[in-house]
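In my numbering, the protein residues as written are 1 to 152.
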């Protein structure tokens, strides 16, 4: 038996239930990519926590626990890019917005200097993009969109 309880990790980092709840498809508010290695998942030494979910926003706490190197990650709106981020509000320790940036895209690149963290409130429109397996560095001409099966 595995000593890790994976469902809690999925809920706390991605903001969604395990894939078992949706017949094998992983639905969540966010997904992460390692910008340096160009692969899915959190970069080494990055911790992520979904602090709050609202109907049209998600609040993330991102921390770079490496004391010597900066890290870059890409946050995607929805597991399949089906959502769109509108704005990112950088919050201070008491939860007040200290900076706001307009995004209007399904990806947000975050740079975390060594030993730092950030609390980000991301406003979003949900289910406005076609779901796809597209990654931030994919060739836009060869997008792989999810489509229902033709049962005929």
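The beta-carbon is built from N, C-alpha and C at its ideal position, and this holds for glycine as well.
Quiz prompt | At least three beta-carbon pairs within less than 8 Å, the stretch 54 to 61 to the stretch 35 to 45 | solution = no
Exercise. Could you name each continuous beta strand (DSSP E) segment of 3 residues or more that falls completely within the stretch 28 to 57, going from the start of the chain to the end?
Key: 30 to 34, 46 to 54
Quiz item: For the 8 Å Cβ check, are there 3 or more pairs between the stretch 78 to 92 and the stretch 110 to 125?
Solution: yes
Quiz item: Per DSSP, what kind of secondary structure is residue 76 in: helix, strand or coil?
Solution: Here residue 76 sits in strand by DSSP.
Quiz item: Unbroken alpha helix (DSSP H) runs of length 4 or more, entirely within the stretch 78 to 106: which are they?
Solution: none
Quiz item: For residue 111, which three-state DSSP category applies?
Solution: Strand at residue 111.
Quiz item: Per DSSP, residue 25 forms a beta bridge with which residues?
Solution: The partner list for residue 25 (beta bridge, DSSP) is empty, contrary to what the question assumes.
Quiz item: Under 8 Å, do residue 110 and residue 67 count as touching if we go by C-beta distance?
Solution: no
Quiz item: Relative to the alpha-carbon of residue 127, which residue among 12, 103, 65, 27 has its alpha-carbon at the smallest distance?
Solution: Of all alpha-carbon atoms in 12, 103, 65, 27, the one lying nearest the alpha-carbon of residue 127 is that of 27.
Quiz prompt | Residues near residue 65 in its chain [Cβ-Cβ closer than 8 Å; skip 5 each side] | solution = Excluding sequence neighbours, residue 65 sits near 45, 46, 47, 115.
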